[in-house]
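Read the structure below first, then the notes.
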Amino acid sequence: MDKSTARRVHLRELILTSRGLYRCEVSEEAPSFHSAQAEAFMEVYCKYNRKTKYLRVFSILYLHIADFPRETPRITGHERAYKLKEPLDVNCSSAKSFPAPDLQWVIDGQKITDKSWLIAFGAKPASQGLLVSTLGLRAPTKPRMKLKCVATIGTHRRERTVIIGINIFLITLAV
1 MDKSTARRVH LRELILTSRG LYRCEVSEEA PSFHSAQAEA FMEVYCKYNR
51 KTKYLRVFSI LYLHIADFPR ETPRITGHER AYKLKEPLDV NCSSAKSFPA
101 PDLQWVIDGQ KITDKSWLIA FGAKPASQGL LVSTLGLRAP TKPRMKLKCV
151 ATIGTHRRER TVIIGINIFL ITLAV
């Protein structure tokens with residue numbers, strides 16, 4: 001570890017079975033104890049040196065530390081009263097994180113893949129070098145809809161669900 005620095009860890013005496021999933025975690029001190037982590041698969045390779053007649057074992061591993069969102073995504077626009085057939089107009093914004101999470105809309109258990117329904121606002125800078133992603137959804141309404149926004153970074157996942165009920169007024173005319 002004598003060649004290690006604050007940004008690099010030097011591993012010595014690797015063997016072929018050293019390959020596998022490695023995790024790095026960094027933590028702040030009190031009072032926040034905020035932590036960030038990353039994991040990556042390290043592959044170990046062998047290279048034969050004809051001059052020295054030795055087998056050299058080396059590996060390549062790049063870990064990028066992720067700062068995962070601490071809160072679930074925020075859905076806005078669902079609070080207003082919608083009429084049947086009026087287009088739904090909602091946005092989902094992630095909590096601050098790095099890298100920016102991928103956002104996905106789900107309506108009544110079905111992932112939304114129709115690009116004409118989605119508006120990608122992209123990632124915007126937030127405090128401390130973190131990013132906030134926003135994805136809009138413009139979709140036809142139904143009497144009752146279960147909306148879910150899912151934010152993912154790698155295998156880390158946060159989600160928020162809201163239920164929208166559309167008011168339907170029936171008018172009976174007497175003839």
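Read in order, the letters of the sequence shown are residues 1 to 175 in UniProt numbering.
Quick reminder that beta carbons are idealized off the backbone N, C-alpha and C, glycines included.
The stretch 151-163 makes no contact with the stretch 109-117, as fewer than three CB pairs between them are under 8 Å. Minimum Cα-Cα distance from Leu-131 among the listed residues Pro-101, Arg-160 and Val-26 corresponds to Pro-101.
In chain order, Gly-136 place their CB closer than 6 Å to the CB of Ile-119, counting only its own chain and leaving out the 5 sequence neighbours on each side. For Tyr-82 and Asn-91, the gap between their C-alpha atoms comes out near 15 Å. DSSP places Thr-17 within a helical segment (H, G or I) once states are collapsed to three. Between Pro-87 and Thr-134, the C-beta gap is not smaller than 8 Å, which leaves the two residues out of contact. The beta carbon of Phe-33 lies closer than 7 Å to those of Ser-27 in the same chain, with the five residues before and after it left out. Here Leu-84 is exposed: its Cβ has fewer than 16 other Cβ atoms, across all protein chains shown, within 10 Å.
As a beta-bridge residue in DSSP terms, Ser-93 pairs with Arg-74 and Thr-134. Take the alpha-carbon of Thr-52 and the one of Leu-14: they are about 19 Å apart.
In the three-state reduction of the DSSP assignment, Ser-4 falls in the coil class, being assigned neither a helical nor a strand state. Proximity to Ser-35 across His-78, Gly-165, Thr-161 and Phe-98 peaks at Phe-98, based on C-alpha coordinates. By the C-beta density criterion, Arg-12 is exposed, having fewer than 16 other C-beta atoms within 10 angstroms. Closest in C-alpha terms to Pro-69, from the list Thr-76, Ala-95 and Asp-89, comes Ala-95.
Out of Ser-93, Asp-114, Pro-143 and Met-145, the CA that lies nearest to the CA of Phe-121 is found in Ser-93.
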